[in-house]
Amino acid sequence: MNTVTLGRTGIVSGKNAFGALPIQRISQDEAVRLLRMAYDGGITFYDTARGYTDSEVKLGEAFHGMRDRIHIATKSHAKTPEALRKDLETSLRNLCTDYVDIYQFHNPGELFRPGDGTGMYEAMEDFRREGKIRFISLSNHRPAVAREAILSGLYDTLQFPFSYLATDVDLELVRLAMENNVGFIAMKGLSGGLLSNAAACYAFMLQHENVLPIWGIQREAELLQFLSYQKNPPEMDEEMAALIAKDRAELCGDFCRACGYCMPCPAGIEINTCARIIPLLGRAPYRPYLSKKWQENMEKINDCLHCGKCMAHCPYGLNTPELLRTNYEFYQKFLAEHLDEAEK
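Just so you know, this note's numbering puts 1043 at position 171 of the sequence shown, and the rest follows in order with no gaps.
In structure tokens form, the structure reads like this:
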């Protein structure tokens, strides 16, 4: 089995880790069954967050009484030390544990440091002294903040989007993390669902020995697919390299990663799907997006207030209103060409 050591934490995991955001969409019983199946298949690293509704609770039930056999990372959006402590205590109760291995600031807009006046980093240090966390970390979508975290020497791991659509900036972050002995946890390995060839995604991750991918898993079939790669890892052959090159040519650049930080929209636009309808129509079964519901969703783009909130919150600096407009115009043409299918 291919393994990854998360920098100076010394945590060793198989090249598969479990991203527990999607299990909030399934029942408690189904989630517990899936998590235990993942463990039986060799997965020992699980990532969740206080903001993932009942994800922590499901993990707590699945692994109650076997805490020493797994590693858990969770996160908090808290903006004050008091709220951060409250979130941690809630997470510990939910997870049925008295400590988490990796505690992460959840996509902060700035890097917290000792003495910056916020008290946030000092709170993390308190938690570590109390034995409630082992390592101080952050999850982020902003390359500048991520780079600063790696170089600061203050953070043990970084969680950042990484897939075979990676930019030179993303690849540089992976290199810097290795040089500075910072663990690199890769989220959105399938780029928010835009990439459909899981084998190619896995083969790409194998090229980066210090990267631990956390796959967002919701269904048994998805889990079994990734587990199969542990015994029979896919190789980066010419055919797979050509597929990746084709996808990069089509998708790299100014595209929505579906991170959701632009939401909620004051006008009710489902930005994190509407802004990427072009690749979705081309790469996923398109009929569901021709339904009356989705026609209504796309029509809401016309209600855009141009308030700038989505742009202000986009970690990738996208011109979101323009991206929405481009996707809307494409959608209308696509809908007209497939009107017979839409009306069935």
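Ideal Cβ positions, reconstructed from N, Cα and C, are used throughout, including at glycine.
Are there 16 or more other CB atoms within 10 angstroms of the CB of residue 1137, so buried, or fewer, so exposed? Per the 10 Å Cβ criterion, buried.
At least 3 beta-carbon pairs within less than 8 Å: the segment 1069-1079 vs the segment 1039-1048: Result no; under three Cβ-Cβ pairs closer than 8 Å.
How long is the line joining the alpha carbons of residue 1193 and residue 1010, rounded to whole angstroms? Pairing residue 1193 with residue 1010, the inter-Cα distance amounts to about 29 Å.
Given that a residue counts as buried once 16 or more other Cβ atoms are within 10 Å of its Cβ, and exposed if not, what is residue 928? Taking all protein chains shown into account, residue 928 has 16 or more neighbouring C-beta atoms within 10 Å of its C-beta and is therefore buried.
Between the beta-carbon of residue 1187 and the beta-carbon of residue 936, is there less than 8 Å? Not in contact: residue 1187 and residue 936 (Cβ atoms no closer than 8 Å).
Beta-carbon contacts of residue 873 that lie in its chain and below 6 Å, excluding the five residues immediately before and after: Counting only Cβ-Cβ distances below 6 Å, and skipping sequence neighbours, we find 886 and 1102.
Whole angstroms is fine: what's the gap from residue 1176's alpha carbon to residue 905's? Looking at the two C-alpha atoms, the distance is approximately 42 Å.
Can you give the beta carbon distance from residue 1106 to residue 1071, rounded, assuming they're within the 8 Å contact cut? Contact between residue 1106 and residue 1071 holds: their C-beta atoms lie close to 4 Å from each other, under 8 Å.
Smallest Cα separation from residue 998: which of 888, 1123, 945 and 954? Selected option, being the one with the closest Cα: 954.
Residue burial classification, residue 1274 (beta-carbon count within 10 angstroms, cutoff 16): With the chain covering 873 to 1216 only, the question about residue 1274 has no answer from this structure.
Taking the C-alpha atoms as reference points, what is the distance between residue 950 and residue 1088? Put simply, the backbone Cα of residue 950 is about 23 Å away from that of residue 1088.
Kindly list the residues whose CB is nearer than 7 Å to the CB of residue 1052, restricted to its own chain and excluding five residues on each side of it in sequence; keep chain order. Excluding sequence neighbours, residue 1052 sits near 1022 and 1023.
Segments of 3+ residues assigned as beta strand (DSSP E) that fall wholly inside the segment 1056-1114: Counting only runs of 3 or more, we get 1083-1088.
Which residues in the same chain as residue 881 place their Cβ atom closer than 8 Å to its Cβ, once the five residues preceding and following it in sequence are excluded? Closer than 8 Å at the Cβ level, and outside the excluded window around residue 881, lie 973, 974, 1006, 1007, 1028, 1029 and 1055.
Pull up the distance between the alpha-carbon of residue 922 and that of residue 977, whole angstroms please. CA-CA distance, residue 922 to residue 977, rounds to 11 Å.
Sorted by chain position, which residues of the same chain lie with C-beta nearer than 6 Å to residue 915's C-beta, five sequence neighbours on each side aside? Sequence-distant Cβ neighbours of residue 915 in its own chain, meaning closer than 6 Å and more than five residues away, are 888 and 890.
Indicate the three-state DSSP secondary structure (helix, strand or coil) for residue 1139 in the structure shown. Correct three-state label for residue 1139: coil.
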